[in-house]
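>
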């Protein structure tokens, strides 16, 4: 009987530890906005492979975030856009899908608070597209080093 109780106690302890690890993993999950910024930064550096990897991280962050579930329509559109970016190996196609991703992410950010910090909504007049940025300085993801500072901040979301 003591042996059975000991085995039961060990099993309970293992289950408790597993539950604790699961909670820690959730709290350590990547913020969807930060994952978006990483896709943007990879586009700035014009590395299609890194862009694809970062888009996959964004997909996982969106799926893991309880906040994004509050706006299912935008969440689903973002998942489609990010999926296209992750699947493509062509930087120009990734940039085209990033324009749609940015429009949908902007709508999500307006609907759901993903950050306590200001979010800069920048515009590229050459591409006629927007993107979100964590800083006021313009670093254009649509043209990379070709036109790095082309654009302007159109709105600051607080």
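Residue numbers (the working numbering): 1 to 158.
Note that the Cβ used here is the ideal one computed from N, Cα and C, for glycine as well.
In this text the structure is predicted, and so the values were computed from the model without any measurement.
#1: Rounded to whole angstroms, how far is the Cβ of residue 102 from the Cβ of residue 131, which I believe are closer than 8 Å?
#2: What does a CB cutoff of less than 6 Å around residue 111 pick up in its chain, not counting 5 residues either side in sequence?
#3: Between 156, 148, 135, 100, which lies nearest to residue 83 when the distance is taken from Cα to Cα?
#4: For residue 157, which option in 32, 148, 122, 129 has the closest C-alpha, if you only look at C-alpha atoms?
#5: Using a Cβ-Cβ cutoff of less than 6 Å, which residues in the same chain neighbour residue 154 once the five nearest sequence positions on both sides are dropped?
#6: First and last residue of the beta strand (DSSP E) that includes residue 156?
#7: Determine the extent of the beta strand (DSSP E) in which residue 129 is found, giving its start and end residues.
#8: On a Cα-Cα basis, can you pick out the residue from 146, 147, 115, 39 that is closest to residue 86?
#9: Quick check on this structure: which residue in 128, 134, 64 has the alpha carbon closest to the alpha carbon of residue 116?
#10: Between the alpha carbons of residue 146 and residue 140, how many angstroms are there, rounded?
#11: I need the DSSP call for residue 44, collapsed to helix, strand or coil.
#12: Per DSSP, what kind of secondary structure is residue 29 in: helix, strand or coil?
Here's the rundown:
#1: Taking C-beta atoms under 8 Å as the contact rule, residue 102 and residue 131 qualify, at a distance of about 5 Å.
#2: 71
#3: Ranked by how close their Cα comes to the Cα of residue 83, the residues 156, 148, 135, 100 have 100 in first place.
#4: 122
#5: 121, 123
#6: It spans 152 to 157 - the beta strand (DSSP E) in which residue 156 sits, taken as one unbroken run.
#7: Note, residue 129: beta strand (DSSP E), 129 to 133.
#8: 39
#9: 134
#10: 9 Å
#11: helix
#12: coil
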